[in-house]
Amino acid sequence: MLTGAIVAGVVFGLYYTLVGLGLNLVFGVMRIVNLAHGDFLMLGGIAAWWLFSSFGLHPLVSALLVIVVFVLVGLPVYYLVVPRLLRSRDSEMLSLILFFGLSQMIEAVTTIGLGATERSLPPRLLGVGPMILLGTRLPKAWIFSAAASGIAVLLVYLYLYRTRLGTLTRAVMVSRDEALATGIDVNFVSAVAFGISIALAGVAGVFAPFILGSITPNMGVAINITAFAVIVVGTLGNPLGTLLGGIIYGVSLMLMQTYLSSWANLLPNLLLIAVLLVRPEGILGRKVRRA
Amino acid sequence: MRSKALALGLLCIAAAAGPANAQPAAPTEIKIGALYASSGPYASISMPVFDGFKLWVDQVNASGGAEVKAFGKKIPIKLIAYDDQSSTATAATLYNQLITQDHVDLLVADSGSVLTSVGVPIAKEHKQFLFDVSGTGAAFFTDDNPYIALMADPVSTIWPHYISDYLADEGAKQGIKTVAILYSTNDFTGTQAAALKGFFERDGKVKVVYYQGVPTSTSNYTVLINNIAALNPDAVLELGYVGNDIAFLRNLQDSGSQFRFVFTIYAGTEKEEIEKNVGISAMTNIFSYVPASNYEYTPNFGMNLTEFHDAWLKKYPVGSNVAFGANAVYGYMAGLVIDRTLASTKSLDQMDIHDAVFGLSGQLKTLDSTFVLRKDGAQIGEVTPLGQLQPAGGKEELDLVAVYPPDLAKGKAVLGK
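Residue numbers (my numbering), protein chains in the order written: chain B, 70 to 360; chain U, 418 to 834.
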């Protein structure tokens, strides 16, 4: 059971890497916390459900569409909200309030428009039946979502370290003011990062019905809490640390489900407290976090 | 002079006695307070209940109001309803508001044990009778609290007894020897799980080899199913809410694990909802309760199931994002109990309401079967038969067939190999 829990935890945790990746990118670049991240994930799931039920579109195709649409949605949302926010005296704190409000609005509008019931996609779309990995039976959908997460991490890495825009993004992550002083179009760089973040949430949403069973308009808050734990464990502002945070969360959750199942929902909070007490900069963080 | 004094005395006595014997003025409306959850984890069970209840309110008001015996006339109903958004903290505030600010005549709880749980002590403290629609947690019903009665579901401690009876009876004959129980840790499913474990231990025919609770927020069961499969039980009982059952059934199919007997509560209770999310193949031969939305009882009051379903579709047409299922029946059924209560209560005093509700016990038969209350307010009628989702002859759909007890069975159970 121990081996099974660890193997399942690693694969499951990779999905949460995908969930947390965008949230961490936004924090790294803009030093704001997007509490509507989970709601954008929910919208990604709703989009996949709608594209399948209306046009029969396979979720993997929907994922590509969601990336394009969500990046395009993210850009105007950024320009509408974030520059004003960053001009305020305490943008980190105000971002919590503003994006919490946005989260509530998205949930309410979705509930009014679609109702509060569960929605899902047929399991057969990503293959029915188990896949054996190191002697552990895992749903095929987990392998797909873990692969999608791996690809996303790789693409974000390539974007940050192999493209000119990525270099500028890292410059903004180090110091927004210095980047501005050197003539970098900080707002454009940030808007692209925000769009990518929303798109990553949307892609995670496409896989949500296969990992979480179903999508409901109210799922955003719980997703945010978990995603926040993942990125704090991995290190706030370090998108690659999210990979480690996701795996730690996944393995811990599966071990909790195996040996102490009744308490499993406390895990995100326990991880948060433990990391903040023992290593507040996160596992991959520097000694003094810039946030 | 003496006769004048006598007449004056009689007049005074008459004047003094008059107001005491007079009927209080009839109110212009009967205020019913209710809560519902339009969002959050309990929305999918709360909204159908609320919509079913509203259907009853609309019907009654369309006929001129509810017949209120205490005033000898029909009085319109005013429904005061608030959205607790599935939050127990919000629900507690709103229960208080309905009682202390709105001064409702009758108080109806939100659906399910979680959102009812906070209303029970508040209603008791304010001596306000609580119409508990479907909060089945056993802890709600105590001998020292006369201000509650369970309407539409049996109390959790007796509800699951047909499952254990079947496994100990038919199941044991067919080689079922071990069972795994996986439940969500809340009043509703936690109490059922504990009751089942007790039944199995009492009967001694089926051994419980796995008994674990998971948070109600659990949305992934893969590792739990793998752990259960490692113990190789003959039967698996998963007790959770709608979201739990969806995730469990999907993960069970994905895992490829097979058990001879698998039970979930909502596969049958909210069949349409689960089928939409899980698919037919993952539900085939799953056991579940057969709720009143899938079983025709003969009522002595109110619409029967077919009439109710027609009325439902008229009010909430297909595509209106309102699911028909057991919870829709429960909401309407709670309205029927209130209807009969008003028709028989001596006054709107809360203890008179209590007496009127308990006076219906054993007498009222609705589309949800026979309404029977234990003296502490727990519902002990309306026990749902055990059913199985079996392929409908040659068609791509499933029938929920009652298989136990024998006097209610409409078909024979099929156990896996």
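The C-beta atom is built at its ideal place from N, Cα and C for all residues, glycine as well.
Cβ-Cβ distances below 6 Å link Glu655/U to Leu599, Phe665 and Thr681 in the same chain, with the five nearest sequence neighbours on each side left out; the list follows chain order. Rounded to whole angstroms, the gap between the alpha carbons of Thr517/U and Pro493/U is 22 Å. Among the residues of chain U, none has a CB under 8 Å from the CB of Met174/B; the nearest is roughly 12 Å distant.
Residue burial is scored here from C-beta neighbours: Thr608/U has at least 16 other C-beta atoms within 10 angstroms and is therefore classed as buried. When secondary structure is reduced to three states using DSSP, Thr595/U falls in the strand class. Non-local beta-carbon contacts of Phe488/U in its own chain, meaning distances under 6 Å to residues more than five positions away in sequence, involve Ala443 in chain order.
Glu187/B has its alpha-carbon roughly 37 Å from the corresponding atom of Gly481/U.
Beta-bridge analysis with DSSP links Gln326/B to no other residue. One Cα belongs to Ser710/U, the other to Leu722/U, and the distance between them is close to 7 Å. The Cβ-Cβ distance between Val631/U and Thr602/U falls below 8 Å.
Boundaries of the beta strand (DSSP E) around Ser705/U: Phe704 to Tyr706. Excluding its 5 nearest sequence neighbours in each direction, Tyr733/U has C-beta neighbours in its own chain below 7 Å: Asp468 and Val739, listed in chain order. Bounds of the alpha helix (DSSP H) holding Arg153/B are Pro128 to Arg156.
Residue-level contact by beta carbon fails for Ala116/B and chain U, as no gap is shorter than 8 Å. Note that the C-beta distance between Phe676/U and Pro650/U is below 8 Å. In this structure, the CA atom of Gly736/U is about 27 Å from the CA atom of Val290/B.
With contacts defined by Cβ atoms closer than 8 Å, Pro802/U and Leu832/U do not form a contacting pair.
For the pair Phe678/U and Leu806/U, the CB atoms are not nearer than the 8 Å cut-off. Contact with chain U is absent for Val178/B, since none of that chain's Cβ atoms lies less than 8 Å from the residue's Cβ. Bridge partners of Ile497/U according to DSSP: Gly450/U.
The beta carbon of Pro191/B sits closer than 8 Å to some beta carbon of chain U. In this structure, Gly78/B and Gly319/B form a Cβ contact; the two beta carbons are roughly 4 Å apart against a cut-off of 8 Å. Arg245/B has its alpha-carbon roughly 16 Å from the corresponding atom of Tyr147/B. Between Lys834/U and the set Ile593/U, Glu687/U and Asn694/U, the nearest pair of CA atoms involves Ile593/U.
Counting of Cβ neighbours within 10 angstroms places Ala479/U among the exposed residues, the total staying below 16. Taking one beta carbon from each stretch, the segment 243 to 258 of chain B and the segment 73 to 89 of chain B have fewer than 3 pairs nearer than 8 Å; the two do not touch. Against chain U, the beta carbon of Glu161/B has no neighbour under 8 Å; the closest one sits roughly 27 Å away.
Straight across, the Cα-Cα distance linking Ile447/U with Leu511/U is about 19 Å. Residues of the segment 634 to 651 of chain U with a Cβ closer than 9 Å to any Cβ of chain B, in chain order: Ser634, Thr635, Ser636, Asn637, Tyr638, Thr639, Val640, Leu641, Ile642, Asn643, Asn644, Ala646 and Ala647.
With distances taken between CA atoms, Asp519/U lies nearest to Ala498/U out of Ser534/U, Ala498/U and Ala508/U. In the three-state reduction of the DSSP assignment, Tyr683/U falls in the helix class. Annotation for Tyr628/U: Ile598 and Lys614 place their beta carbon closer than 7 Å to its own, counting only its chain and skipping 5 residues before and after. Counting only runs of 4 or more residues that sit fully inside the segment 458 to 535 of chain U, the alpha helix (DSSP H) segments are 460 to 479, 505 to 517 and 529 to 534, in chain order.
Ser456/U sits close to Thr180/B, with the two beta carbons spaced by under 8 Å. By the neighbour-count criterion, in which a residue is buried when 16 or more other Cβ atoms sit within 10 angstroms of its Cβ, Leu790/U is buried. For Lys622/U, the CB contacts under 6 Å within the same chain, skipping 5 residues up- and downstream, are Ala585 and Ala589 in chain order.
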